[in-house]
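K.L.:
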Amino acid sequence: MPFEPDATHDPNLKSWVESANDAGTDFPIQNLPYGVFCLNGEDPWDDARPGVAIGDKILDLQVCAEAGLFDGLDTEDEPILYEFGTIGLNGLMLASPERRRRVRARISELLSESCPELKDNADVRDEAIVPMDAAQMLMPAEIADYTDFYASVHHATNVGSMFRPTNPLLPNYKYVPIGYHGRASSIVVSGAEVRRPSGQTRPSDDEPPVFGPCKLLDYELEVGFFIGPGNEIGEPIGIDKAGEHLFGMCLVNDWSARDMQKWEYQPLGPFLAKSFTTTISPWVVTGDALAPFRCASYERPSGDPAPLAHLYDNDDQQAGGVDLTLEVLLSSAKMREAGMEPVSLSKGNFKNMYWTIAQMIAHHSSNGCNLQAGDLMASGTISGPERSSRGCLLELTWDGPGEPGADPVPGTQRTPIRLPTGEERKFLADGDEVIIRGWCERDGFRRIGFGECRGIVTPAV
Ligand code: MN
Numbered sequence: 026m027p028f029e030p031d032a033t034h035d036p037n038l039k040s041w042v043e044s045a046n047d048a049g050t051d052f053p054i055q056n057l058p059y060g061v062f063c064l065n066g067e068d069p070w071d072d073a074r075p076g077v078a079i080g081d082k083i084l085d086l087q088v089c090a091e092a093g094l095f096d097g098l099d100t101e102d103e104p105i106l107y108e109f110g111t112i113g114l115n116g117l118m119l120a121s122p123e124r125r126r127r128v129r130a131r132i133s134e135l136l137s138e139s140c141p142e143l144k145d146n147a148d149v150r151d152e153a154i155v156p157m158d159a160a161q162m163l164m165p166a167e168i169a170d171y172t173d174f175y176a177s178v179h180h181a182t183n184v185g186s187m188f189r190p191t192n193p194l195l196p197n198y199k200y201v202p203i204g205y206h207g208r209a210s211s212i213v214v215s216g217a218e219v220r221r222p223s224g225q226t227r228p229s230d231d232e233p234p235v236f237g238p239c240k241l242l243d244y245e246l247e248v249g250f251f252i253g254p255g256n257e258i259g260e261p262i263g264i265d266k267a268g269e270h271l272f273g274m275c276l277v278n279d280w281s282a283r284d285m286q287k288w289e290y291q292p293l294g295p296f297l298a299k300s301f302t303t304t305i306s307p308w309v310v311t312g313d314a315l316a317p318f319r320c321a322s323y324e325r326p327s328g329d330p331a332p333l334a335h336l337y338d339n340d341d342q343q344a345g346g347v348d349l350t351l352e353v354l355l356s357s358a359k360m361r362e363a364g365m366e367p368v369s370l371s372k373g374n375f376k377n378m379y380w381t382i383a384q385m386i387a388h389h390s391s392n393g394c395n396l397q398a399g400d401l402m403a404s405g406t407i408s409g410p411e412r413s414s415r416g417c418l419l420e421l422t423w424d425g426p427g428e429p430g431a432d433p434v435p436g437t438q439r440t441p442i443r444l445p446t447g448e449e450r451k452f453l454a455d456g457d458e459v460i461i462r463g464w465c466e467r468d469g470f471r472r473i474g475f476g477e478c479r480g481i482v483t484p485a486v
């Protein structure tokens with residue numbers, strides 16, 4: 026299905042919320058990402074409600090719904106207050122793609138410069154428009170299940186090279202979108218502290234393992250995608266229908282304890298090295314907002330196998346990718362004390378992934394596993410072909426073949442990153458803040474952004 030822009034994508038559309046028209050904003054009227062918030066001082070359990078980011082403000086959807094501004098969308102089966110009345114966005118995620126599109130169109134209309142309905146209704150407007158700095162962002166959904174994939178062939182090849190220099194990619198990689206079931210309960214929203222985990226590690230092959238604070242703490246640059254309507258158990262989602270089950274995307278930091286991971290990952294994959302904390306950005310950018318930025322899926326080099334039939338769809342090959350630029354920044358405690366700006370560690374792009382979102386959704390349900398509205402899937406570390414596009418410190422400080430410290434013991438030679446304070450990092454130190462940003466740009470369309478995914482590492486217990 027070739028992309029057909031609608032009125033919500035019009036690059037000339039402006040909002041009466043002035044800050045949404047600033048060139049640098051992540052949240053112009055063409056974006057309209059959903060999140061869940063409460064006002065500072067309110068109770069996050071009792072007062073959480075859904076909103077939409079617009080410039081440096083939040084549109085309170087519950088206030089709008091209660092004021093009757095969505096009445097045209099109400100039906101007996103689908104009252105709009107169901108979608109906007111629940112604590113998370115799960116109600117909205119359950120809605121059909123057509124209904125979600127109608128809701129988006131209505132929000133776009135209400136916020137557009139030419140529409141007086143909310144703009145000129147001072148009582149409702151003053152309650153419905155909240156400054157972002159007066160609000161606390163909360164988890165966007167109740168996430169029942171979380172799956173993390175491994176969809177970057179560059180990441181898989183780099184990491185494989187450290188452990189198996191002659192045979193970095195396992196034979197299944199180009200056939201199966203590899204993933205593992207992660208932990209949903211420890212997913213936190215941007216800004217929450219990230220406590221350094223303790224666990225078992227084996228520092229030397231000649232000694233027994235020890236238990237203590239992780240010494241090789243890492244981040245992983247990833248994006249997440251929320252599932253919209255799910256599927257019945259036993260009824261796989263076809264690759265041609267998989268796009269309809271995507272609700273939207275966010276930024277993800279899959280914090281990883283590399284020393285614990287190395288000792289525990291065989292034979293069943295990651296466990297406690299990953300499950301201590303995963304951070305997500307609070308705003309969910311919808312599939313509709315991302316539509317103008319879809320691109321061809323990753324071009325497999327000649328010699329690579331074609332995807333098997335249940336993972337192959339012509340439309341998905343043409344437009345299953347997302348041209349989404351991502352950046353990771355770091356600031357140490359010392360840098361913040363000295364008033365220094367965070368430094369950029371790497372830049373990558375989601376379009377370099379070996380598998381598309383539709384392929385991951387189709388694969389996940391291909392055995393009959395039921396996906397549910399609000400499930401979160403993450404892409405796996407997003408690394409590109411260059412050193413500057415490696416999405417975690419495990420790769421970024423590693424000296425691969427032909428690089429500065431390339432060495433006889435694979436994976437052990439590392440060139441540290443030097444910070445402006447003179448500090449050096451091979452892995453994260455306590456007090457380090459990792460910041461992920463993401464944005465989409467294309468000629469003829471308004472740039473849209475994802476906001477930020479932040480977390481500061483605090484000392485182990
Ligand atoms: Mn990961």
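According to my numbering, the stretch in the sequence shown is residues 26 to 486, in order.
For each residue, glycine too, the CB sits at the ideal point set by N, CA and C.
Treat the numbers as computed from the prediction; the structure is a model and nothing was measured.
Can you tell me which of the three DSSP states Met365 falls into?
P.N.:
For this step, residue 365 is matched to residue 340 along the sequence shown. Looking at Met365 - three-state DSSP - the assignment turns out to be coil, as it is neither helix nor strand.
K.L.:
Which class does Gly108 belong to by DSSP, given the choice of helix, strand or coil?
P.N.:
Counted from its first residue, the sequence shown places residue 108 at position 83. Rather than Gly, the amino acid found at residue 108 in this sequence is Glu. The answer is helix: DSSP assigns Glu108 an H, G or I state.
K.L.:
Where does Thr483 land, buried or exposed, given buried means 16+ other C-beta within 10 angstroms?
P.N.:
The residue you call residue 483 lines up with position 458 of the sequence shown. Burial call: exposed.
K.L.:
Taking only heavy atoms of ligand 1 into account, decide whether any of them is closer than 7 Å to the Cβ of Gly393.
P.N.:
As a position in the sequence shown, residue 393 is number 368, starting the count at 1. Result no, Cβ not under 7 Å from ligand 1.
K.L.:
Secondary structure at Lys372, three-state DSSP: helix, strand or coil?
P.N.:
On the sequence shown, position 347 is the one that residue 372 refers to. In the structure shown, Lys372 sits in a strand (DSSP, three-state: E or B).
K.L.:
Just grab the DSSP bridge partners of Cys275 for me.
P.N.:
Here residue 275 corresponds to residue number 250 of the sequence shown, with the count starting at 1. The partner list for Cys275 (beta bridge, DSSP) reads Gly249.
K.L.:
Phe174 to Arg450, Cα distance in whole Å?
P.N.:
Position 149 of the sequence shown, counting from 1, holds the residue named residue 174. Position 425 of the sequence shown, counting from 1, holds the residue named residue 450. Roughly 27 Å separates the two Cα atoms.
K.L.:
For the alpha helix (DSSP H) that Ser223 lies in, which residues bound it at each end?
P.N.:
As a position in the sequence shown, residue 223 is number 198, starting the count at 1. Element bounds for Ser223: not the alpha helix (DSSP H) but the beta strand (DSSP E), Ser223 to Thr226.
K.L.:
What is the DSSP secondary structure of Glu352, counted as helix, strand or coil?
P.N.:
Translated into the one-based positions of the sequence shown, residue 352 becomes position 327. Correct three-state label for Glu352: strand.
K.L.:
Please classify Asp468 as buried or exposed, where buried requires at least 16 neighbouring CB atoms within 10 angstroms.
P.N.:
As a first step, residue 468 must be located in the sequence shown, where it is residue number 443. By the neighbour-count rule (16 or more Cβ atoms within 10 Å), Asp468 is not buried but exposed.
K.L.:
Give the straight-line distance between the Cα atoms of Arg221 and Asp457, rounded to the nearest whole angstrom.
P.N.:
As a position in the sequence shown, residue 221 is number 196, starting the count at 1. As a position in the sequence shown, residue 457 is number 432, starting the count at 1. Between Arg221 and Asp457, the C-alpha separation is close to 11 Å.
K.L.:
Quick check: is any heavy atom of ligand 1 less than 7 Å from the C-beta of Gly364?
P.N.:
On the sequence shown, position 339 is the one that residue 364 refers to. No, the Cβ of Gly364 stays beyond 7 Å of every heavy atom of ligand 1.
K.L.:
Grab me the residues of Asp243's own chain with a C-beta within less than 8 Å of its C-beta, minus the 5 sequence neighbours each way, in chain order.
P.N.:
The residue labelled residue 243 in the question sits at position 218 within the sequence shown. If we look at Asp243 and ignore the five residues flanking it on each side, its Cβ neighbours are Trp280, Ser281, Ala282, Arg283, Cys417, Leu418, Leu419, Phe452 and Leu453.
K.L.:
Could you spell out where the beta strand (DSSP E) holding Ile264 opens and where it closes?
P.N.:
Here the question's residue 264 lines up with position 239 in the sequence shown. From DSSP, Ile264 is part of no beta strand (DSSP E); its letter is neither H nor E.
K.L.:
Let me know the secondary structure DSSP gives Trp464 once reduced to three states.
P.N.:
Working through the sequence shown from its first residue, we reach residue 464 at position 439. Strand at Trp464.
K.L.:
From Glu260 to His335, what does the alpha carbon distance come to, in whole angstroms?
P.N.:
Locating residue 260 in the sequence shown gives position 235, counting from the first residue. Locating residue 335 in the sequence shown gives position 310, counting from the first residue. Glu260 and His335: Cα-Cα distance of roughly 13 Å.
K.L.:
Residues around ligand 1, please: the ones whose beta-carbon is closer than 6 Å to some heavy atom of it, in chain order.
P.N.:
Working through the chain, the matches are Asp173, Glu245, Glu247, Asp279, Gly405 and Thr406.
K.L.:
Give the secondary structure of Trp280 by DSSP, where H, G and I count as helix, E and B as strand, and everything else as coil.
P.N.:
In the sequence shown, the residue the question calls residue 280 occupies position 255. Residue state, collapsed to three classes: coil.
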